[in-house]
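Structure first, then comments.
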Amino acid sequence: MTTTLRPAEPLQQHPDGSRSRRYAVCVNSRPVGEIHLGTSPSLGASVARVIDLRIAEPDRRRGRGTVAALAAEEAARAWGCVQMEAVVPATADAALRLFGALGYTVRNRGMEKRLGSTPPALPPGSHARPMTEAEFAAWQEAESERYARGWIGRGIPEAAARAKARDDHARLLPHGLATEGVLFSVLEHAGVRVGTLWLALEETKAFVFDVEADAAHRGRGHGRTLMLLAERQAIEAGRTVLGLNVFAGNTPAERLYASLGYETVTHSLSKPLL
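Heads up: the sequence shown begins at 1 in UniProt numbering, then just goes up one per residue.
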């Protein structure tokens, strides 16, 4: 039996510059599922993503999904893409096995923690204050460069990585420090600045977009204190869940979040197209 992809719609061009197309997964011309392929709105036209992949129950566990995903890679190459990505729920064991067998690796994980009703106390000698405009300007310049270089190091072309850094900051912080629903804090210990926190208050959740202990003060527990500060601010704002993103290979951060009770909810996977 031959598994192939058959276009189920014309190529879609979206206002954000991305493209996408749905394909029927067919076995000897018989439809058995669907795969939705697109380019990344945030990482640019060189990165393709598997938006959705579904195989009908009677045809599962026969390799249909594997062949469909491989065929999608060929379609992505024809679009000029150099990398594939897929976001998979942590509970989707079969999908994680499928993409793992095809050479996808974990690029980053989305994690969440359910919060209690009592804000945690900060350690003695530590306190937080709002970030000043001057500190924000310096932070944003350094963070934009660090953010872009992080994506370049993960195989994203430099132009696309720098465009993502510009676009993400413009989208998330349209009014800078005065953007509604964001909190920028500086952590001090014994009167000395030791780190910064960027927390966003979403409708029902809070999200840590950036947390960083200053280089001269790392390894002293200030990262944990910053995360306790994030919990404190989220609870005080009435949010019950705190989310964050952690990149693979950031072992100290992964250990810290695990020790604080965060659980993985999504895996963002990637694969270079050779």
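The beta carbon of each residue, even a glycine, is placed where N, CA and C say it ideally should be.
_Where ILE156 sits in the DSSP three-state scheme_ = The residue labelled residue 156 in the question sits at position 156 within the sequence shown. Shown here, ILE156 sits in coil according to DSSP, grouped into three states, outside any helix or strand.
*Within the UniProt domain "N-acetyltransferase" (126 to 274), note down every full beta strand (DSSP E) run reaching 3 residues or more, in order along the chain.*
DSSP runs (the beta strand (DSSP E)) wholly in the UniProt domain "N-acetyltransferase" (126 to 274): 126 to 130, 182 to 189, 192 to 201, 205 to 213, 241 to 247, 263 to 272.
_C-beta atoms of VAL87 and ALA69 nearer than 8 Å_ = The residue given as residue 87 occupies position 87 in the sequence shown. The residue given as residue 69 occupies position 69 in the sequence shown. No, the Cβ-Cβ distance between VAL87 and ALA69 is not below 8 Å.
*Specify, as a first and last residue, the run of the alpha helix (DSSP H) that VAL32 falls within.*
As a working note, residue 32 is residue 32 in the sequence shown. No alpha helix (DSSP H) contains VAL32, which is instead part of the beta strand (DSSP E) from 30 to 40.
*Residue from THR240, SER20, ALA170, ALA248 whose Cα sits closest to the Cα of ALA117*: Along the sequence shown, read from residue 1 onward, the residue named residue 117 stands at position 117. The residue asked about is misnamed: residue 117 is Ser in this sequence, not Ala. Of the candidates THR240, SER20, ALA170, ALA248, the one whose C-alpha sits nearest the C-alpha of SER117 is THR240.
*Pair every Cβ in the stretch 200 to 211 with every Cβ in the stretch 97 to 109, then say whether three or more of these pairs are closer than 8 Å.*
Too few Cβ pairs lie closer than 8 Å, so no.
_Three-state class that DSSP yields for ALA95 in the structure shown_ = Counted from its first residue, the sequence shown places residue 95 at position 95. Looking at ALA95 - three-state DSSP - the assignment turns out to be helix.
*For CYS81, I'd like the list of residues in its chain whose CB is within less than 8 Å of its CB, leaving aside the five on either flank, ordered along the chain.*
Taking the first residue of the sequence shown as 1, we reach residue 81 at position 81. So the qualifying residues of the chain are THR39, ALA45, SER46, VAL47, ALA48, LEU273.
*Touch check for the stretch 175 to 191 and the stretch 135 to 150: three-plus C-beta pairs under 8 Å?*
Yes, since at least three Cβ pairs between the stretch 175 to 191 and the stretch 135 to 150 fall closer than 8 Å, the two stretches touch.
*Cα-Cα, which of GLY191, SER18, SER185, LYS205 is closest to LEU244?*
Here the question's residue 244 lines up with position 244 in the sequence shown. Nearest of GLY191, SER18, SER185, LYS205 to LEU244, Cα basis: LYS205.
_Alpha-carbon to alpha-carbon, ARG97 and LEU260_ = The count along the sequence shown starts at 1 and reaches residue 260 at position 260. The count along the sequence shown starts at 1 and reaches residue 97 at position 97. Pairing LEU260 with ARG97, the inter-Cα distance amounts to about 28 Å.
*Could you tell me which residues DSSP puts in a beta bridge with ILE51?*
Within the sequence shown, numbered from 1, the residue matching residue 51 stands at position 51. DSSP, once it has assigned bridges, lists no residue as partnering ILE51.
_If I follow the unbroken alpha helix (DSSP H) through THR2, where does it start and stop?_
Residue mapping note: residue 2 aligns to position 2 of the sequence shown, counting from 1. Here THR2 belongs to no alpha helix (DSSP H), and DSSP marks it neither H nor E.
_Reduced DSSP secondary structure (H/G/I, E/B, other) of PRO119_ = Within the sequence shown, the letter at position 119 stands for residue 119. Looking at PRO119 - three-state DSSP - the assignment turns out to be coil, as it is neither helix nor strand.
*Can you tell me where the beta strand (DSSP E) with VAL25 in it begins and where it stops?*
Your numbering for residue 25 matches position 25 in the sequence shown. Residues 19 to 27.
*Tell me whether the beta-carbon of PRO265 lies closer than 8 Å to the beta-carbon of ALA56.*
On the sequence shown, position 265 is the one that residue 265 refers to. On the sequence shown, position 56 is the one that residue 56 refers to. For the record, residue 265 in the displayed sequence is Val; it is not Pro. Cβ distance not < 8 Å, so VAL265 and ALA56 don't count as in contact.
*CB of THR225 within 8 Å of CB of PRO123, strictly*: Within the sequence shown, numbered from 1, the residue matching residue 225 stands at position 225. Within the sequence shown, numbered from 1, the residue matching residue 123 stands at position 123. Yes, the Cβ-Cβ distance between THR225 and PRO123 is below 8 Å.
*Report yes or no: do the stretch 194 to 204 and the stretch 148 to 168 share at least 3 C-beta pairs separated by less than 8 Å?*
Output reads no: the stretch 148 to 168 does not touch the stretch 194 to 204.
*asked:* What does the Cβ neighbour count give for GLN12, buried or exposed, with the cut at 16 atoms within 10 Å?
replied: Counting from 1 along the sequence shown, the entry for residue 12 is found at position 12. Burial state of GLN12 is exposed, judged by a 10 Å Cβ sphere holding fewer than 16 other Cβ atoms.
*Enumerate in chain order the residues of its own chain whose CB-to-CB distance from ASP182 is below 6 Å, with the five nearest sequence positions on each side excluded.*
As a working note, residue 182 is residue 182 in the sequence shown. Sequence inspection shows Val at residue 182; the Asp mentioned does not correspond to that position. Excluding positions up to five away in sequence, the list reads ALA200.
*asked:* Give me the residue from HIS189, HIS222, SER185 with the minimum Cα distance to PRO130.
replied: What you label residue 130 is simply residue 130 of the sequence shown in a count that begins at 1. Cα-wise, what sits closest to PRO130 is SER185.
*asked:* With distance defined between alpha-carbon atoms, name the residue in LEU269, ARG232, ALA237, LEU228 nearest to ALA248.
replied: What you label residue 248 is simply residue 248 of the sequence shown in a count that begins at 1. Looking at the Cα atoms, LEU269 is the closest of the given residues.
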